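Enquirer: Quick one: this structure, given as structure tokens, is what I'll be asking you about.
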Amino acid sequence: MSTTVQAPRRRPRRWQVAPYLFTAPAVILYIAFMLVPVGYAVWLSLRAYRIEGALLGRKTDVFVGLENYAAVLTNPDFAAGFGRLAVYGIIAVPLTLGLALLFALVLDTPAARLKRFGRTAIFIPYAVPGVVAALLWGFMYLPSTSPFSYLTRAVGLGTIPFLEEPGLFGSLANIAVWGGVGFNMIIIYTSLRSIPSEIYESARLDGASETQIALRIKVPLVVPALVLTGVFSLIGTLQLYSEPATLQPMTSAISNTWVPLMTIYRDAFGTDDLPQAAAASTVLAVGTVLVSVIILRIVNRKRMGVER
Amino acid sequence: MTTTTTARPGPAATAGRRPSDRARTRRRQGGWGVLPTIVLLVGAIYCLIPVIWVYVAASKTRGELFTTFTFAPGTGLWENLVALFAYEGGQYLLWCLNSLVYSGVGSLLSVLVSTMAGYGLAKYEFRGRSFLFLSILAGVLIPGIVLAVPQYLLLSQLGLVGTHWSVLLPSIISPFGIYLSRVYAMSAVPQETLEAARIDGAGEWRIFQTIVLPLMVPGMVTVFLLQFIGTWNNFLLPYIMLSDQDLYPLTVGLFTLLAKGSGSPALYSVAITGAAVSIIPLLALVLFLQRYWRLDLVSGGLKG
């Protein structure tokens, strides 16, 4: 942490063209594929813009102010989607972070064996795309192929309703936990490894147990890493789309508006109501940025090297 | 496995002590006994079960898939592979190639752009630097998926929707990659070396090519891998942009296979086998390149 080299403090002797050239490709792409789309979405969201097939017939659009936003915020489908997202997130995010922290602490424990195997195995799901992960778990949930339901049927408990609400929330959260634990574990673990071991030595000399060291020293020191992984998990939660969409053919419990992004997708490409989709996208983006910024601000301001 | 080289008190040294002493020594070195190992093993099994399942299931014939116990291997592996690669005249192979092109080319360009920008932001003082950096940080927080719909609209006006470019171009810009490159450049490129090269009369681009790039390779590998896996796993962007099945990446291809499968269960085996095969390259990549990762970059605990 303290080893980062200080940024150059000398005053620029002359106006340099080099830094602008180095950052130019990124700036151009950033403007073209992030700023302009965001701006375009905001502009579009303020219009009523019925499209009958052709995108070029844009002369017909009118400025309607915040009408689309009012429609989005009062849309029961959208609200219900956020409600489901909240239930899903409340299960998935703490479980992902908690398990990631647990595995990272275990990896950092001298007594643990098979560390390399464990670390690699837990990291493997990170390499599996969300769609494929949903496909794998989907078959493990599907009554006719599920090994879990096979076992419960064998002992007379019947089939586990993985793909019916409310179990569906747990099933979807499990896919996210499975896919996310490994990456977050590595982030927290590398952060644990950067703590100088002298701290532990002196704590041990003072008679602290391994449990006390873990809870009183390690956990507080990795809080920044936890915040970072928490924000990423949260952003991931708000973007939930491919997992429920993949499970959709397997169950009737997932509607076309099950999560907000599915509603946005339907508005944009199903019913061609682009301004509505744009307004909903904007709401989702603003919500994500707000929540992330609030978390980052509250928990620690010095993160991400902004203040230097 | 790493062997412990630090001198532990051997059996001879501890043998003479009282049992309580020995127990204390053991506790000091580890604590919790075998519990950590068990936790780790349970985690490993949890993470491996679906992967093992998909390979077992890929070996089953259509009939076996729904009748035999899920972890009992079947007899139809070869049959499934043939069906997979014959599907729609070999479309699966095209999907693999497309995924490789989108992820490979996209991440390579992304790494170049990110490295240059990260270096520029880390090592130069210039007007607008903080503003630029803050804008990029804000970009990290904008969910890429939310951009997909407006990106679709803009690219469709340029006539690029439905082409390789519509997936490739938006994948190049990575605010997170730029952020990581800046972090890495700050710690890996010494200011004195740059000054020395400047005094020797080297141009800025030459300095970048001959001095900076080699120093930044570990950071670049990390950004490349993160970006590669991110693009490989991306679903919504290609799903929105593409309509020609021959241009699909694996994620979208497998998704459509599964969606069709609900109508004709014969395709379930093809989808499962396709999923099993599609995991192999990324598994190999992650396992092989694990040691080159500098994920301490991400956690902020970078040691130069």
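If you read the sequences in order, they're chains A and B. Under the numbering used here, residues 417 to 724 are what the first sequence spells out, in order. Under the numbering used here, residues 210 to 513 are what the second sequence spells out, in order. Where is the CB? At the ideal position from N, CA and C, for every residue including glycine. As the structure is a prediction and not an experimental result, all values here were calculated from the model.
How far does the alpha helix (DSSP H) with P492/A in it extend, from its first residue to its last?
Expert: Sequence index remark: in the first sequence, residue 492/A carries index 76 (1-based). Looking at the DSSP string, the run of the alpha helix (DSSP H) that includes P492/A is P492 to L523.
Enquirer: Can you tell me which of the three DSSP states R463/A falls into?
Expert: Translated into the one-based positions of the first sequence, residue 463/A becomes position 47. Strand, per DSSP.
Enquirer: Rounded to whole angstroms, what's the CA-CA distance from F385/B to G534/A? Just pull it up for me.
Expert: On the second sequence, position 176 is the one that residue 385/B refers to. On the first sequence, position 118 is the one that residue 534/A refers to. Each residue's Cα considered, the two are about 28 Å apart.
Enquirer: Which same chain residues, not among the five before or five after A694/A, have their C-beta less than 7 Å away from its C-beta?
Expert: Sequence index remark: in the first sequence, residue 694/A carries index 278 (1-based). Correct list, in chain order: A457, L460 and S461.
Enquirer: Verify the CB distance criterion: does C305/B have a CB-CB separation below 8 Å to chain A?
Expert: The residue labelled residue 305/B in the question sits at position 96 within the second sequence. Chain A, which has no Cβ nearer than 8 Å to the Cβ of C305/B, makes this no.
Enquirer: With respect to the alpha helix (DSSP H) encompassing F294/B, which residues constitute its N-terminal and C-terminal limits?
Expert: Here residue 294/B refers to the residue found at position 85 when the second sequence is read from its first residue. Run containing F294/B: L286 to A295, per the alpha helix (DSSP H) assignment.
Enquirer: Could you give the DSSP three-state label for V478/A: helix, strand or coil?
Expert: In the first sequence, residue 478/A corresponds to position 62, counting from 1. It is a strand residue.
Enquirer: With DSSP as the reference, label L451/B as helix, strand or coil.
Expert: The residue given as residue 451/B occupies position 242 in the second sequence. L451/B falls in the coil class under three-state DSSP.
Enquirer: Chain A partners of L467/B, CB-CB under 7 Å?
Expert: In the second sequence, the residue the question calls residue 467/B occupies position 258. Within 7 Å Cβ-Cβ: L551, T662 and P665.
Enquirer: The alpha helix (DSSP H) that contains W374/B, what's its start and end?
Expert: For the purposes of this step, residue 374/B is identified with residue 165 of the second sequence, where counting begins at 1. Note, W374/B: alpha helix (DSSP H), H373 to I381.
Enquirer: Could you run through the segment 562-578 of chain A and flag, in chain order, every residue whose CB is less than 8 Å away from some CB of chain B?
Expert: Per Cβ criterion, the list reads S562, P563 and Y566.
Enquirer: Of all the CB atoms in chain B, is at least one closer than 8 Å to the CB of F494/A?
Expert: Mapped onto the first sequence, residue 494/A falls at position 78. Not closer than 8 Å to any Cβ of chain B, the Cβ of F494/A fails to qualify, so no.
Enquirer: Taking the Cβ atom as the reference point for each residue, do V398/B and L362/B lie within a distance shorter than 8 Å?
Expert: Locating residue 398/B in the second sequence gives position 189, where the first residue counts as 1. Locating residue 362/B in the second sequence gives position 153, where the first residue counts as 1. Contact: no.
Enquirer: Classify S618/A as helix, strand or coil using the three-state DSSP reduction.
Expert: Residue mapping note: residue 618/A aligns to position 202 of the first sequence, counting from 1. In the structure shown, S618/A sits in a helix (DSSP, three-state: H, G or I).
Enquirer: So with Cβ pairs under 8 Å, would you call N289/B a contact of chain A?
Expert: For the purposes of this step, residue 289/B is taken as residue 80 along the second sequence, with counting starting at 1. Output row for N289/B: interface = no.
Enquirer: Exposed or buried, L302/B, counting other C-beta atoms within 10 Å across all chains shown (16 or more means buried)?
Expert: As a working mapping, residue 302/B is identified with position 93 in the second sequence. Answer is exposed; the Cβ neighbour count stays below 16.
Enquirer: How many whole angstroms separate the CB atoms of T645/A and N600/A, which I take to be in contact at a CB cut-off of 8 Å?
Expert: By 1-based counting over the first sequence, the position of residue 645/A is 229. By 1-based counting over the first sequence, the position of residue 600/A is 184. The Cβ separation is near 4 Å, so the contact holds.
Enquirer: Rounded C-beta distance between L341/B and L330/B? I'm assuming under 8 Å.
Expert: Taking the second sequence and counting its residues from 1, one reaches residue 341/B at position 132. Taking the second sequence and counting its residues from 1, one reaches residue 330/B at position 121. Contact holds; Cβ gap of about 7 Å.
Enquirer: Taking 8 Å as the CB-CB limit, is E413/B close to chain A?
Expert: Translated into positions along the second sequence, residue 413/B becomes position 204. It does; some Cβ of chain A falls within 8 Å.
Enquirer: T439/A versus chain B: which residues are under 8 Å apart at the beta carbon?
Expert: Looking up residue 439/A in the first sequence gives position 23. Neighbours of T439/A on chain B, chain order: M325, A326, G329, L330 and L341.
Enquirer: How should A357/B be labelled, buried or exposed, when 16 other C-beta atoms within 10 angstroms of its C-beta is the threshold for buried?
Expert: Counted from its first residue, the second sequence places residue 357/B at position 148. Its Cβ being crowded by 16 or more others within 10 Å, A357/B is buried.
Enquirer: Hey, T698/A and L654/A are a contact pair by Cβ (cut 8 Å); roughly how many whole angstroms apart?
Expert: Here residue 698/A corresponds to residue number 282 of the first sequence, with the count starting at 1. Here residue 654/A corresponds to residue number 238 of the first sequence, with the count starting at 1. Rounded, the Cβ-Cβ distance is 13 Å, inconsistent with contact.
Enquirer: Hey, could you find the ends of the alpha helix (DSSP H) I254/B is sitting in?
Expert: Translated into the one-based positions of the second sequence, residue 254/B becomes position 45. First-last of the alpha helix (DSSP H) with I254/B: L244 to A267.
Enquirer: Give the residues of chain B in contact with W674/A, contact being defined as C-beta atoms less than 7 Å apart.
Expert: Along the first sequence, one-based indexing puts residue 674/A at 258. Here the premise fails: no neighbours, minimum Cβ distance about 15 Å.
Enquirer: Can you give the Cα-Cα distance for Y333/B and P435/A, rounded to whole angstroms?
Expert: By one-based count along the second sequence, residue 333/B stands at place 124. By one-based count along the first sequence, residue 435/A stands at place 19. When rounded, the distance between both Cα atoms is 6 Å.
Enquirer: Taking the continuous alpha helix (DSSP H) assigned at P660/A, which residues delimit it?
Expert: Locating residue 660/A in the first sequence gives position 244, where the first residue counts as 1. Run containing P660/A: S658 to L663, per the alpha helix (DSSP H) assignment.
Enquirer: What does a CB cutoff of less than 8 Å around G371/B pick up in its chain, not counting 5 residues either side in sequence?
Expert: For this step, residue 371/B is matched to residue 162 along the second sequence. So the list reads M450, L451, S452, D453 and L456, once near-sequence residues are dropped.
Enquirer: If you drop the 5 nearest sequence neighbours on each side, which residues of the same chain put their C-beta closer than 6 Å to that of G596/A?
Expert: The residue given as residue 596/A occupies position 180 in the first sequence. So the list reads T512, once near-sequence residues are dropped.
Enquirer: Using only the alpha-carbon positions, how far apart do G315/B and T627/A sit?
Expert: On the second sequence, residue 315/B is found 106 positions in, with the first residue counted as 1. On the first sequence, residue 627/A is found 211 positions in, with the first residue counted as 1. G315/B and T627/A: Cα-Cα distance of roughly 45 Å.
Enquirer: Using a Cβ-Cβ cut-off of less than 7 Å, list which residues of the segment 426-445 of chain B approach chain A; keep chain order.
Expert: The residues in question are I438, W441, N442, F444 and L445.
Enquirer: Would you kindly check if the distance between the Cβ of M556/A and the Cβ of P563/A is under 8 Å?
Expert: One-based indexing of the first sequence puts residue 563/A at position 147. One-based indexing of the first sequence puts residue 556/A at position 140. For P563/A and M556/A, yes; Cβs fall inside 8 Å.
Enquirer: What are the boundary residues of the alpha helix (DSSP H) that G313/B is part of?
Expert: Counting from one through the second sequence, the residue named residue 313/B turns up at place 104. Its alpha helix (DSSP H) spans residues Q300 to K332.
Enquirer: Within the chosen definition, does the segment 510-529 of chain A reach the segment 247-260 of chain B through at least 3 CB pairs nearer than 8 Å?
Expert: Segments in contact, yes.
Enquirer: So, at 6 Å on beta carbons, what are the nonlocal neighbours of V715/A in its own chain, with the 5 sequence-adjacent residues on each side left out?
Expert: The residue labelled residue 715/A in the question sits at position 299 within the first sequence. Hits under 6 Å: V643.
Enquirer: In angstroms, rounded to a whole number, what distance separates the CA positions of K577/A and P259/B?
Expert: One-based indexing of the first sequence puts residue 577/A at position 161. One-based indexing of the second sequence puts residue 259/B at position 50. Correcting the residue type first, residue 577/A is Pro in the shown sequence and not Lys. The alpha-carbon atoms of P577/A and P259/B are separated by roughly 18 Å.
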